[in-house]
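*Asks:*
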Amino acid sequence: MIYKLTYKPFGERSILIEWPSVIDENILSDIVIFKEKIKSNHVKNIVELRFAYNSLLIVYNDTVVLIEDAVNELDKLYHRKKSITGFTSKQWKIPVCYDDTFAIDLVEIASKKGMSKESIIKLHSKTVYTVYFIGFLPGFMYLGGLNEKLYTPRKSTPRLRILKGAVAIGGEQTGIYPSDSPGGWNIIGNSPLEFFNPKKELPCFVNAGDKIVFKPVSLKEYNDIKMLVEAGVYQLESETIDG
Amino acid sequence: MVKVLKTGLFSTIQDLGRHGYQDYGVPYSGVMDMYSASVANVLLGNDEYAAVLEITMTGPTLEFGCDTSICVSGANISPKINDTLIKLNKPISVKNGDIISFGNLVWGFRAYLAVLGGFKTENVMNSYSMYQGVTKQSMLFKNDTLLIDVPLKDFARKHATIKIRETHFTTEYIEVFRGPEFEKLSKGQQDSLFEQGFTISKENNRMAYQLEEPLMNDLEPIITSSVLPGTVQLTPSGKLIILMRDCQTTGGYPRVLQLKETSINILSQKFTGNPIRFMSSTNSE
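Those sequence lines, one after another, are chains A and B.
With the first letter of the first sequence counted as 1, position 150 gets the number 150 in the UniProt record's numbering; the numbers rise by one all the way through.
With the first letter of the second sequence counted as 1, position 108 gets the number 108 in the UniProt record's numbering; the numbers rise by one all the way through.
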């Protein structure tokens, strides 16, 4: 599918390309394919390409003087017959402990929704989530696919410190805090995995376009996994999916 | 080696930042005022990527453990060697055991201390810039030792001088382009961005500068999208936030303006209570 794109200059060295403002997996894959096209065609002077839900940011090395020429070049590329048909992605099984030790807001959410803790955990862990992009904090994944029944408004007063690994719900989104940070989302569990490691060649093991599912684990399993992760020997389950 | 005897308000090691990792959510970081930092490096004959010490408002006290040369640029925080005032924007020799300290803030807000060859602290993702969660250390602490090269020969251009743009520290004008959501503002809102003056609030740091005066706002939040240092966001309550070098990579507030890159440097020398005015810039120079 070909979308009607909008091209806007963003400062003197960037162009922002926008897709229709909806959160949609087809848009995500169109953005990823366009990004790969730009990369593989070695468009001159581009130093950075990054995207969010419905936008692709292109940063140039130098001031873009002839913005129209740059836009024409990009748009021609967008409409060129696809050489890349899809992209390969992975589905990751992310262990999450929903035990009361971590799930400090689970009881409150359950009582507000008139649901049991178990049914919330079940709804949260049966969905296959799509990783749209990484932003906000190093290693923070923007996930799509949260079940509507689990939508929960953010806390009116953010907490000053949320634990690294916290699995949380904020509005219509769910996510994992990759490091200790302040935050206003509702905490329902914790994952023992490392989602950002600046010392690794690939600082995040998950890529935009990948899928993830949450696999509930007991507190004991959590501690065992955490130990293996810290020793650098934990084998995370994943499978390859063809897009 | 340089030993930190006192830290000052907030000092960090910075270079031109961490590039190519933004799709992992890693901020650019880097010196707030690239103009002043590059003046210090150029005068010493350093590479423009050499890491410098960024000093905010009040300076640290440092003891040098070898003979080398330094250059201090940017804000004037009355730099001294062994209690004698030294000139800004001039390469200066230091001897093993010399003490560098700072005094009153005379102009600007951020000073840059460059050493011959640059600081050699922890390098993560191709940058020395300190940032919490990326580098082990996010600021200088008392008793820290900062690694530097011991120069075999003093290459500093002792007689090098440079004419500093005076307006860099005095102008109230911040040049901007229209941001991606500028067109969504009403004519009245657009006009008041340029006609009204603004004041820097006490919420100002390496991540962002908030402005005191609100702008009447009825825009909806946007679907989370990319932001850059220099992006001016408009919050639901009408607060204007200018993102700076340590800003997040994405945001959900409408991006109404985008600072010209040289204006980010100018803003970096301003602090709480300083007035600014937005001025429209064009791409053609």
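Cβ coordinates follow ideal geometry from the N, Cα and C atoms, glycine included.
It should be emphasised that the depicted structure is a prediction, and the values quoted were computed from it without experimental measurement.
With 7 Å as the C-beta to C-beta threshold (strictly closer), list the residues of the stretch 114-146 of chain B near chain A in chain order.
*Replies:* Per Cβ criterion, the list reads 124, 125, 133, 134.
*Asks:* Using the DSSP secondary-structure output, state which residues sit across from residue 76 of chain B in a beta bridge.
*Replies:* Within the second sequence, the letter at position 76 stands for residue 76 of chain B. Paired residue(s): B:107.
*Asks:* By the three-class DSSP mapping on this structure, what secondary structure does residue 205 of chain B have?
*Replies:* The sequence position of residue 205 of chain B within the second sequence is 205, counting from 1. Residue 205 of chain B falls in the coil class under three-state DSSP.
*Asks:* Residue 37 of chain B to residue 210 of chain A, Cα distance in whole Å?
*Replies:* Translated into positions along the second sequence, residue 37 of chain B becomes position 37. Translated into positions along the first sequence, residue 210 of chain A becomes position 210. Answer to the nearest angstrom: the Cα atoms are 40 Å apart.
*Asks:* Is DSSP giving residue 131 of chain A helix, strand or coil here?
*Replies:* In the first sequence, the residue the question calls residue 131 of chain A occupies position 131. Strand.
*Asks:* Answer yes or no: do residue 225 of chain A and residue 202 of chain A have a C-beta to C-beta separation smaller than 9 Å?
*Replies:* Here the question's residue 225 of chain A lines up with position 225 in the first sequence. Here the question's residue 202 of chain A lines up with position 202 in the first sequence. It is not a contact, given that the beta carbons lie outside the stated cut-off.
*Asks:* In whole angstroms, give me the CA-to-CA distance for residue 279 of chain B and residue 201 of chain B.
*Replies:* Looking up residue 279 of chain B in the second sequence gives position 279. Looking up residue 201 of chain B in the second sequence gives position 201. C-alpha separation (whole angstroms): 19 Å.
*Asks:* Is the shortest distance between the beta-carbon of residue 177 of chain B and the beta-carbons of chain A less than 9 Å?
*Replies:* In the second sequence, counting from the first residue as 1, residue 177 of chain B sits at position 177. Yes, because at least one Cβ of chain A sits closer than 9 Å to the Cβ of residue 177 of chain B.
*Asks:* Taking only three categories from DSSP, how would you classify residue 117 of chain B?
*Replies:* Counted from its first residue, the second sequence places residue 117 of chain B at position 117. Coil.
*Asks:* By the 10 Å Cβ neighbour count, where 16 or more other Cβ atoms means buried, how is residue 89 of chain B classified, buried or exposed?
*Replies:* By 1-based counting over the second sequence, the position of residue 89 of chain B is 89. Classification of residue 89 of chain B: buried, given that the 10 Å Cβ count is 16 or more.
*Asks:* Tell whether a beta-carbon distance below 9 Å holds between residue 118 of chain B and residue 59 of chain B.
*Replies:* To locate residue 118 of chain B, count along the second sequence from 1; it is residue 118. To locate residue 59 of chain B, count along the second sequence from 1; it is residue 59. Contact flag unset, no.
*Asks:* Is there a Cβ of chain B sitting closer than 9 Å to that of residue 204 of chain A, yes or no?
*Replies:* Within the first sequence, numbered from 1, the residue matching residue 204 of chain A stands at position 204. Yes, its Cβ sits closer than 9 Å to a Cβ of chain B.
*Asks:* On a Cα-Cα basis, can you pick out the residue from B:35, B:206, B:175, B:198 that is closest to residue 10 of chain B?
*Replies:* Walking along the second sequence from the start, residue 10 of chain B turns up at place 10. Minimum Cα distance to residue 10 of chain B is reached at B:206.
*Asks:* CB-CB under 6 Å to residue 3 of chain B, same chain, minus the five flanking residues each way: which ones, in chain order?
*Replies:* Residue mapping note: residue 3 of chain B aligns to position 3 of the second sequence, counting from 1. Counting only Cβ-Cβ distances below 6 Å, and skipping sequence neighbours, we find 63, 145.
*Asks:* How close, in whole Å, do the beta carbons of residue 121 of chain B and residue 13 of chain B come, if the pair is a contact with beta carbons under 8 Å?
*Replies:* Locating residue 121 of chain B in the second sequence gives position 121, where the first residue counts as 1. Locating residue 13 of chain B in the second sequence gives position 13, where the first residue counts as 1. Confirmed, Cβ separation roughly 5 Å.
*Asks:* Whose Cβ in chain A lies nearer than 7 Å to the Cβ of residue 20 of chain B?
*Replies:* The residue given as residue 20 of chain B occupies position 20 in the second sequence. In chain order: 48.
*Asks:* Can you tell me whether residue 284 of chain B is buried or exposed, with buried defined as 16 or more other CB within 10 angstroms of its CB?
*Replies:* The sequence position of residue 284 of chain B within the second sequence is 284, counting from 1. Annotation note: pLDDT 44 at residue 284 of chain B (below 50); position unreliable, coordinate value reported separately. The residue in question, residue 284 of chain B, is exposed, as its Cβ has fewer than 16 Cβ neighbours within 10 Å.
*Asks:* So, helix, strand or coil for residue 22 of chain B, using DSSP?
*Replies:* Taking the first residue of the second sequence as 1, we reach residue 22 of chain B at position 22. Residue 22 of chain B: helix per DSSP, three-state reduction.
*Asks:* Report yes if the CB atom of residue 101 of chain B is closer than 9 Å to the CB atom of residue 51 of chain B, and no otherwise.
*Replies:* Walking along the second sequence from the start, residue 101 of chain B turns up at place 101. Walking along the second sequence from the start, residue 51 of chain B turns up at place 51. Not closer than 9 Å, so no.
*Asks:* Which residues in chain A sit within 8 Å of residue 26 of chain B, going by Cβ to Cβ distance?
*Replies:* The sequence position of residue 26 of chain B within the second sequence is 26, counting from 1. Ordered by position in chain A, the residues that pass the 8 Å Cβ test against residue 26 of chain B are 138, 198, 203.
*Asks:* Just how far apart, CA to CA, sit residue 227 of chain B and residue 248 of chain B?
*Replies:* Within the second sequence, residue 227 of chain B is the residue found at index 227, counting from 1. Within the second sequence, residue 248 of chain B is the residue found at index 248, counting from 1. Distance between the alpha carbons of residue 227 of chain B and residue 248 of chain B is about 7 Å.
*Asks:* Mind checking which residues open and close the alpha helix (DSSP H) that includes residue 130 of chain B?
*Replies:* Here residue 130 of chain B refers to the residue found at position 130 when the second sequence is read from its first residue. Neither: residue 130 of chain B is in no alpha helix (DSSP H) and is coded neither H nor E.
*Asks:* Is residue 268 of chain B close to chain A? Criterion is C-beta to C-beta, closer than 9 Å.
*Replies:* For the purposes of this step, residue 268 of chain B is identified with residue 268 of the second sequence, where counting begins at 1. Closer than 9 Å: no.
*Asks:* Under 9 Å between the Cβ atoms of residue 120 of chain A and residue 143 of chain A?
*Replies:* Counting from 1 along the first sequence, the entry for residue 120 of chain A is found at position 120. Counting from 1 along the first sequence, the entry for residue 143 of chain A is found at position 143. Not a contact, by the Cβ cut-off of 9 Å.
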